[in-house]
Amino acid sequence: MSMQVVPRCDMAGVVVEKGSGVTKFDIGDEVYANIQDSSSEDGRLKQLGTQAEYIVVEENLVAKKPENISFEEAASLPLAVQTAMEGCKTGGFKEGQTVFEVGGAGGVGTLAVQLAKHFYEASLVVATTSTAKVEFVRSLGADKVVDYTKTRYEEVEDKFDLLYDTIGTTFTIFSLSYYILGYIAMYATLASRDVDCCLISESPFYLKGPGGLIDYIEKRLKENRHMVIVIAEGAGQQIKGVGGVEYA
Numbered sequence: 001m002s003m004q005v006v007p008r009c010d011m012a013g014v015v016v017e018k019g020s021g022v023t024k025f026d027i028g029d030e031v032y033a034n035i036q037d038s039s040s041e042d043g044r045l046k047q048l049g050t051q052a053e054y055i056v057v058e059e060n061l062v063a064k065k066p067e068n069i070s071f072e073e074a075a076s077l078p079l080a081v082q083t084a085m086e087g088c089k090t091g092g093f094k095e096g097q098t099v100f101e102v103g104g105a106g107g108v109g110t111l112a113v114q115l116a117k118h119f120y121e122a123s124l125v126v127a128t129t130s131t132a133k134v135e136f137v138r139s140l141g142a143d144k145v146v147d148y149t150k151t152r153y154e155e156v157e158d159k160f161d162l163l164y165d166t167i168g169t170t171f172t173i174f175s176l177s178y179y180i181l182g183y184i185a186m187y188a189t190l191a192s193r194d195v196d197c198c199l200i201s202e203s204p205f206y207l208k209g210p211g212g213l214i215d216y217i218e219k220r221l222k223e224n225r226h227m228v229i230v231i232a233e234g235a236g237q238q239i240k241g242v243g244g245v246e247y248a
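Spelled out as structure tokens, the structure:
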């Protein structure tokens, strides 16, 4: 008999029990986490299952929820912000450099724009989006916003240190690299852990346990500056009952 799979890896909730070796948290603490621990050598996911009323998770994957955001906002953050940060790290992005981001209005893209501008203090952040979201992406910190419905990529005059695809447009990015970076480049899309690559045999990156990155989010949310968090309205209702678990 096969057991039903309970999906999802982001979570936010309240600690109701803890193991004898847990020292960072107490019962009643409000916490959030990405429970997909892929820090092992092969990067394989160890667990999913946050679409449930109760879950068991290792202490090192959890952080205290910032007091000034809701549970819904907290649950939308861990995987998206990890992906945004890991993409910058994997691309070798450094303080003061320039970046062109494909998809500046999505869950990962909105965070990538903010991290590039406010964390890395990028000298130039340019992001793409549709007409309706141009002003929104600009409000996140993008210095320039490219409306992809009106502007062709070859019309972009600037050249950049990093081309960051937050959507996963595969071979399109390979062709874009000439216009955006000024040369033909190797690429690895963020669309999947088992990515397709050009010119290299394999170059996926695996998200590490959140730990310090989640702590960074908490610190930033407590500062005078803030982070904009995008939540799809009613998104959880779309998978209500999946795996035999009711959406709460």
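Per full-length UniProt numbering, the very first residue in the sequence shown carries number 1; after that it's consecutive. Don't be surprised by glycine CBs; every beta carbon is placed ideally from N, CA and C.
Per DSSP, the bridge partner or partners of residue i
i: Y32; result: A12, A63
i: E101; result: A127, Y164
i: K144; result: V126
CA-to-CA distance, residue j to residue i, given in whole angstroms
i: L124; j: I180; result: 13 angstroms
i: G103; j: L111; result: 11 angstroms
i: L61; j: N34; result: 7 angstroms
i: V22; j: K65; result: 17 angstroms
i: K150; j: A132; result: 12 angstroms
i: L176; j: E157; result: 13 angstroms
i: S20; j: E86; result: 32 angstroms
i: V6; j: Q36; result: 13 angstroms
i: L48; j: H118; result: 31 angstroms
i: V134; j: A52; result: 36 angstroms
i: L77; j: T166; result: 15 angstroms
i: residue 258; j: G91; result: It is not possible to answer for residue 258, since the shown part of the chain is limited to 1 through 248.
Beta carbon of residue i nearer than 9 angstroms to that of residue j
i: A80; j: V113; result: no
i: residue 249; j: E30; result: Because residue 249 is not part of the residues shown, which for the chain are 1 to 248, the question remains open.
i: V137; j: A105; result: yes
i: A122; j: V145; result: no
i: Y164; j: V99; result: yes
i: T50; j: C9; result: yes
i: A75; j: A12; result: yes
i: E154; j: Y120; result: no
i: L162; j: Q97; result: yes
Residue i, DSSP secondary structure in three states
i: V22; result: coil
i: A52; result: coil
i: S139; result: helix
i: P78; result: helix
i: F93; result: coil
i: E86; result: helix
i: S70; result: coil
i: T151; result: coil
i: V113; result: helix
i: residue 256; result: Outside the displayed span of the chain (1 to 248) sits residue 256, for which this structure offers no information.
i: G106; result: coil
i: V134; result: helix
i: D196; result: Bear in mind that the predicted position of D196 carries a pLDDT of just 42, short of 50, making it unreliable; the figure below should be weighed with that in mind. Three-state result, D196: coil.
CB contact below 9 angstroms: residue i versus chain D
i: L77; result: Checking the listed chains, one finds no chain D in this structure; it contains a single protein chain.
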